[in-house]
Structure formats: C-alpha cells, structure tokens
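J.: Add 14 to the 1-based position in the sequence shown for our numbering, that's all there is to it.
Ideal placement from N, C-alpha and C gives every residue a C-beta, glycine not left out.
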Amino acid sequence: MRAISIIIYIMFCAFDLSAQNLIPNGDLEDTIPKNFDLKFAAEWDSPTNATPDYYTEYHNNLNNRGVPYNLNGFQQPKSGIAYVGFLVFSKPNPDFREYLQNQLVRELKKDSVYCFQVYVNLADSFTYATRNTLGVYFTDKMVDTNSVLYLGYVPNLILDSNYIEEKQSWIKMHSNYKAAGGEKYLLIGNFSNDSSIDTMALTGGSQLYYQATYLYFDDFYLGSCDSLPQDTSIGLIERKLKFKEAKVFPNPSTAQFNIEVKKADAYTLEVMDHSGRAVISDSFNGSTTQLNLAGFSEGVYFLRIISDRRAYYQKIILQD
C-alpha cells in the first residue's frame, strides 16, 4: 500500500510540474508597494530606467492608473483586476523603449520545447500600430541598465506578424520556444531600432505623446504545450508566428548571399550583428533574393525574414 501511495504521489508531482506556469505572477494579480501609494506587479521589473505602468482597481482613486478607465483609454482586464502596459514605439522619442522582465520559476532545460502565451491590446489613445516588433528574449542573466533606449538583443520569439491595431478585444499571441538550456529570465518588448519598425497610422489622441504604440498585457504563460491555457472568449484574435530556416548559399561567403524561402510573399528582411543591432533592413517580393554584405566586418550575422503570414531565420557568416 505504501508503494502505491508513493507512485501516486510521484505521478501527481509530475503532472503538477508539467502544468506549472514558469512565469511567476503571470496573471499580474499579486502586487508590491511602490511610491506615492502606487502598486506594481510582484515578480516583475523593468530592465532599464524606463517605467512600465501597472493598472489595477487598487488605483481607481488615483485617476490615471485605474481599471477599466486610465489615462490611455478604457480596457477591462483579460482576467482578474489588473494588467500592465508600456511603450513599444514612440515617434516623438526616437528609439525610446519600455520592457518587462521576469525571473522564471526554474531554469529552462536544453532542447525542451516550451509554449509562450500572452494577451495583448493596443491602448485607445495611441495613433500607431506596429508589426514584427514585439519580441521575447530569454537569457541566463538578469538585465540591468540605466538606458531608456532600445535593447539590442536578438529576440527568441517575434509575436506580432500582423499590425497590433485591436483596441477592444484582447489578442491572444503564442509561439513555441526550444530552449538552449539555462535560461532564467524573460524579457518582453521591442528590441529593434526605429529604422526597422513597420508602423501604420490610426486615429487616437491629438497630443504629441500619443503618436506612439502603447500596449496592454495580461495573462502571461510559459510552460508545457500540453497545458497551454485555453480561452473561448468571443472577440479574441489569435496570432501565430513560427520561424523556419531559410536556405542561404554560399554560407560562409565573402560578400554575396543567395536566399531562398519556401513560399513566395511580400517579405521584410533584416540583418543583425552579433550584438543584436540591426545593420540592414530591406524588403522583397517572391521567394528568392540576394544579400550583399560587402564592406561589413567579417563575423556572424543573423538573418530574419518576415511577412504577414510567414517567418524565416538563418545564421550567416561573412569572411574575408
């Protein structure tokens, strides 16, 4: 009987771990006190000196950080009584960015596949929608910088293959991630500079501040794909973006690269150096194109090719 009890206990623990959300406080309901009677989501912080915003019913007497009304518009939480928001693009403030950072419950295991999911909404007052900008970056080290400009990391996931222009319903975004192993932190935000951003003008507030893209976020999840939270709410819009490998030859090359993808489409092509800085941003139609890196320093570069429906990547090597 004792042996049976142990087996049942082990099976229960295994199920519990597989169903666990590796993002602590993923629903953003737990809080910690901040200055001037404000609260913020526990387990979350900003990796830069920029300051994301926390919206909760606890702030309803503070005029501009309440739920569902706040300084940026009207939005009910996806669940609970709270959500967060931050700028991913600001036309009046070039390359200004805000991010969120979270220390995971435990390190990710090498070659394990995890499902990431979050709900997103564009704040009412803002007049720009963006696409191919919202990224997720996993790292084994906490990021802490005094900068307020974009972080030049290469995101592991790009979530927004379409313009995020929905201002009423929450958009469900999710993608799979195959871990390198040892990742302990998650960052979400826009890791591209302004010259690489694809924007679309919308109606909104008349103030200069609102010439920007400001997103609300709720219900983060990272964990087993078998335990991915489901939602059947009316009005949810699902966005999926899975990166596939592009064919590049010759690779390595001294300058010229030939690029092939499986499906013809209208693509945006971006080349980033080893630090994640975008060095080329271009576009092409079809399934083939050429890339010339003559004059660039030798080394490893990362190629990202994205359309509204497809995404490809490849590591390319430039040598003398």
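Kindly list the residues whose CB is nearer than 6 Å to the CB of Ile37, restricted to its own chain and excluding five residues on each side of it in sequence; keep chain order.
T.: Excluding positions up to five away in sequence, the list reads Asn116, Phe234, Leu236.
J.: With distance defined between alpha-carbon atoms, name the residue in Lys92, Thr147, Lys192 nearest to Asp125.
T.: Ranking the options by Cα distance to Asp125, first place goes to Lys192.
J.: Looking at the unbroken beta strand (DSSP E) that takes in Met187, where does it start and where does it end?
T.: The continuous beta strand (DSSP E) containing Met187 extends over residues 185 to 192.
J.: Mark Gln90 as exposed unless 16 or more other C-beta atoms lie within 10 angstroms of its C-beta, in which case mark it buried.
T.: Label assigned to Gln90: exposed.
J.: Going straight from the alpha carbon of Val98 to that of Tyr128, what length do you get?
T.: Note on geometry: alpha-carbon atoms of Val98 and Tyr128 lie some 23 Å from one another.
J.: Do you know whose CA, among Arg323, Thr282, Pro106, Glu121, lies nearest Asp212's CA?
T.: Thr282
J.: When you compare only the Cα positions, how much space is there between Pro61 and Tyr113?
T.: 7 Å
J.: Are three or more beta carbon pairs between the stretch 265 to 281 and the stretch 161 to 176 nearer than 8 Å?
T.: no
J.: Using alpha carbons as the reference points, say which of Ala292, Asp296, Asn306, Gln221 lies closest to Val262.
T.: Asn306
J.: Starting from Met214 and walking both ways along the beta strand (DSSP E), at which residues does that stretch end?
T.: 212 to 215
J.: Considering Cα atoms alone, identify which of Lys105, Gly219, Gln304, Gly309 is closest to Ile319.
T.: When only C-alpha atoms are compared, the closest one is Gln304.
J.: When DSSP labels each residue in this structure, what does Asn160 get in the three-state scheme?
T.: coil
J.: Go ahead and pull the three-state DSSP assignment for Glu274.
T.: In the structure shown, Glu274 sits in a strand (DSSP, three-state: E or B).
J.: With a Cβ-Cβ cutoff of 8 Å, do Thr141 and Tyr224 count as a contact?
T.: yes
J.: Here's the rule I'm using: 16 or more other beta-carbon atoms within 10 Å means buried, otherwise exposed. How should Ser161 be labelled?
T.: By the 16-neighbour rule on beta-carbons within 10 angstroms, Ser161 is exposed.
J.: Look at Ile185 and Val150 and say whether their C-beta atoms are less than 8 Å apart.
T.: no
J.: For Arg370, is the classification buried or exposed, using 16 other Cβ atoms within 10 angstroms of its Cβ as the cut-off for buried?
T.: Any answer about residue 370 is impossible in this case: the structure gives the chain only from 15 up to 334.
J.: If I measure Cβ to Cβ from Cys239 and keep anything under 8 Å in the same chain, skipping five residues before and after, which residues do I get?
T.: Val127, Tyr128, Cys129, Asn190
J.: Rounded to a whole number of angstroms, what is the C-alpha to C-alpha distance between Asp109 and Glu179?
T.: 21 Å
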